[in-house]
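Residue numbers (the numbering used here): 2 to 195.
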């Protein structure tokens, strides 16, 4: 029978980029890695294809849901953890293979009667990447700053150091729109909200 309360789920947490390498062709040594980095150990190595290969193993361990680190486009190589987002509504291409998308992963999770929990981290983002600054700052109100990406996305930080003002209508709408995007377009089952 289907669980009606998410607290009944047994959740397996993993860092996708470091979990299992299913496609060596999408491994990436990025611009900010140390020159002495082992060529056989790129920061971006694990991928959706590798995770799909291990879903039966995870299910056999007794887990009913998989919680993965953020899948959104990140700023650099050493941000393989996924917590320096540049675009909260775009999958980072370093997880993808020619025949495997994020939707492929979610479909495979659902096919096994499992759920996907997507980590979302709005309270800090990337300030720059190999292409230059990600954001411009716009000050409003008292010590409230919005970081506006070139694509028009708003990220909010207060002057007291990376604390989101979730009560501000622009920020609230942005967060709701982002979460809605993943549910409607990808059928994500739940979020771990930082």
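Just so it is clear, CB atoms sit at the ideal spot from N, CA and C, and this is done for glycine as well.
Keep in mind that this is a model prediction, so the values were computed, not measured.
**Of the residues 38, 179 and 26, the one placed nearest residue 87, counting alpha carbons only** = Residue 87 has its Cα closest to that of 179, out of 38, 179 and 26.
**Request:** To the nearest angstrom, report how far apart residue 192 and residue 17 are at their CA atoms.
**Result:** Rounded to the nearest angstrom, the two C-alpha atoms are 16 angstroms apart.
**Prompt:** In terms of DSSP beta bridges, what is residue 98 paired with?
**Reply:** In DSSP, residue 98 forms a bridge with 101.
**Prompt:** For residue 48, which beta-bridge partners are listed by DSSP?
**Reply:** Beta-bridge partners assigned by DSSP to residue 48: none are found.
**Prompt:** Under 8 angstroms between the Cβ atoms of residue 15 and residue 67?
**Reply:** Cβ distance < 8 angstroms, so residue 15 and residue 67 count as in contact.
**Request:** Counting only the same chain and skipping the five closest in sequence on each side, list residues whose C-beta sits under 7 angstroms from that of residue 10.
**Result:** Its chain contains 4, 65, 66 and 116 as the residues whose beta carbon lies nearer than 7 angstroms to that of residue 10, once the 5 sequence neighbours on both sides are disregarded; these appear in chain order.
**Prompt:** CB-CB under 7 angstroms to residue 45, same chain, minus the five flanking residues each way: which ones, in chain order?
**Reply:** Excluding residues within five positions, the ones whose Cβ falls inside 7 angstroms are 18, 28, 29, 31, 78, 81 and 95.
**Message:** Between the alpha carbons of residue 100 and residue 106, how many angstroms are there, rounded?
**Reply:** Answer to the nearest angstrom: the Cα atoms are 11 angstroms apart.
**Asked** residue 42 and residue 98 look like a contact to me (Cβ under 8 angstroms); what is the Cβ gap, rounded to whole Å?
**Response** With 8 angstroms as the limit, residue 42 and residue 98 do not qualify as a contact, their Cβ atoms being about 20 angstroms apart.
**Asked** Considering only C-alpha positions, which residue in the set 110, 84 and 76 is nearest to residue 57?
**Response** Measuring from the Cα of residue 57, the nearest candidate turns out to be 110.
**Request:** Closer than 7 angstroms by C-beta to residue 194: which residues in its own chain qualify, once you throw out the five before and the five after it? Chain order, please.
**Result:** So the list reads 121, once near-sequence residues are dropped.
**Request:** Tell me where the beta strand (DSSP E) around residue 76 begins and ends.
**Result:** Looking at the DSSP string, residue 76 is not in any beta strand (DSSP E), and its letter there is neither H nor E.
**Message:** In whole angstroms, give me the CA-to-CA distance for residue 73 and residue 89.
**Reply:** The alpha-carbon atoms of residue 73 and residue 89 are separated by roughly 6 angstroms.
**Prompt:** At which residues does the alpha helix (DSSP H) containing residue 60 begin and terminate?
**Reply:** It spans 56-61 - the alpha helix (DSSP H) in which residue 60 sits, taken as one unbroken run.
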